[in-house]
Amino acid sequence: MQIQQAYLDAQDGLVRSSDWLYFHGNHFRWNLINPHSNPTNGENFNRFTQRLSGRIPDLTATTQRLSGHFHLGIHPHFHSYYHLWTELIPQVLTQRESHWLLPWWLPVNYIAFLQQLRIRLTVLPPRIFQCELLTIPSKPSLQDIKYSIEYLRQNYLGRSNACNDLTSRIYISRRRVKRRHLQNEQGLLPILDRYGYRIVELEDWSIERQMQLFSGVTHVVAPHGAGLTNALWMPVGGKVLEIRPSYASGDFCFSEICALSSLEHEVLVPTRRPAFRLKPAILTEHLQSWHPKV
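As structure tokens, this is what we get:
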């Protein structure tokens, strides 16, 4: 979607034309001329009800003008590693010649990675801008995601030497984060060690190092979390055991990633709640089925 004379709030990517507001890319739309046509419930209504309590670009105010044609790379979720790989990077790589506008709060390592890919970009401060011509990209398809991964395998991953201590079996720990970490993880570590699993904490890893590691991984065990996005880099036929706090955690997002990468994906949902704990015997049973010779 292209909008001439678009007003952009660079803090969260809200875009205003003369008649419409667009939020979360073009996923949510709000009619300013005929408000009675807007939804009165549902996600679109909730998003705009919350957002309209903040500032809205004023068409009569003096704003900095950006001359030329730009692509919108600002989205409230782009701080997430999952959304980096399933939205921003596929959008950028399918439009590599475009000039992308990015938010100031995007993690520095994300921006550095895009610069390594020689993407033309401008990082905007949290102000209102008037864009001469702004393209709001559509959400990438699964094929767009697959294309971006294959492109990076061929043109980037092969020349990266960020991680040389590869192992084929890993467990992704979330002990350093507040949400979705296994509360009895310490008691599970001896079991994982017995089956040859290396424990990794990815919070401080560079993007390149994560790509390089997972390109050689055949078995992954992990609580539901952004680190599982790296399954995109695993070899075909790899195995992923995802431990979820609830059956529908993340709307099955990692099921899609594993299917896209032709991986075997299994899910465990511990029944004991509210504590997020996994019985050691259940983990042992699953690992033994994967590694019967241990």
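Take any residue in the sequence shown, count from 1 to its spot, add 338: that is its number in the numbering used here.
The beta carbon of each residue, even a glycine, is placed where N, CA and C say it ideally should be.
Endpoints, alpha helix (DSSP H) assigned at residue i
{"i": "Pro475", "result": "That residue, Pro475, is in no alpha helix (DSSP H); it is neither H nor E in DSSP."}
{"i": "His603", "result": "Unbroken run through His603 is the beta strand (DSSP E), 602-606; no alpha helix (DSSP H)."}
{"i": "Leu530", "result": "523-532"}
{"i": "Leu598", "result": "591-598"}
{"i": "Asn384", "result": "380-389"}
8 Å contact criterion, which residue i and residue j should meet: CB distance rounded
{"i": "Ile401", "j": "Phe467", "result": "In the sequence as displayed, the identity of residue 401 is Thr instead of Ile. Their Cβ separation, rounded to whole angstroms, is 6 Å, which keeps Thr401 and Phe467 in contact under 8 Å."}
{"i": "Leu439", "j": "Ile483", "result": "The pair is not a contact, with the Cβ atoms about 22 Å apart (cut-off 8 Å)."}
{"i": "Trp442", "j": "Pro414", "result": "14 Å between Cβ atoms; not a contact."}
{"i": "Leu520", "j": "Ile581", "result": "7 Å"}
Beta-carbon gap between residue i and residue j smaller than 8 Å
{"i": "Gly576", "j": "Leu540", "result": "no"}
{"i": "Tyr535", "j": "Arg517", "result": "no"}
{"i": "Pro377", "j": "Tyr345", "result": "no"}
{"i": "Leu410", "j": "Pro475", "result": "yes"}
{"i": "Gly525", "j": "Pro618", "result": "yes"}
Enclosing beta strand (DSSP E) for residue i [first to last residue]
{"i": "Pro630", "result": "It is not in any beta strand (DSSP E) - Pro630 carries neither H nor E in the DSSP assignment."}
{"i": "Asp347", "result": "340-347"}
{"i": "Phe408", "result": "402-410"}
{"i": "Val515", "result": "That residue, Val515, is in no beta strand (DSSP E); it is neither H nor E in DSSP."}
{"i": "Arg615", "result": "Looking at the DSSP string, Arg615 is not in any beta strand (DSSP E), and its letter there is neither H nor E."}
{"i": "Arg536", "result": "536-538"}
Residues bridged to residue i (per DSSP)
{"i": "Leu440", "result": "Val461"}
{"i": "His557", "result": "Arg507, Lys577"}
{"i": "Leu397", "result": "In DSSP, Leu397 forms no bridge with anything."}
{"i": "Trp571", "result": "None; Trp571 has no bridge partner."}
{"i": "Trp368", "result": "Leu359"}
{"i": "Leu431", "result": "None, per the DSSP bridge assignment."}
{"i": "Val353", "result": "Leu346, Tyr360"}
{"i": "Ile466", "result": "Asp347"}
Heavy atom of the ligand GDP within 7 Å of residue i beta-carbon
{"i": "Arg465", "result": "Among the components of this structure there are no ligands whatsoever, and the ligand GDP is therefore not found."}
Notebook entry, point to check: Is the segment 567-575 in contact with the segment 588-604, if contact means three or more CB pairs nearer than 8 Å?
Noted result: With the rule of 3 Cβ pairs closer than 8 Å, the segment 567-575 counts as touching the segment 588-604.
Note to self: Under 8 Å, with one C-beta from each stretch per pair, do the segment 465-481 and the segment 344-363 reach the 3-pair mark?
What the structure shows: With the cut-off at 8 Å, the segment 465-481 and the segment 344-363 touch.
Notebook entry, point to check: Using 8 Å as the threshold, is the segment 425-435 in touch with the segment 452-462, meaning 3 or more CB pairs across them?
Noted result: At 8 Å Cβ cutoff, the stretches touch.
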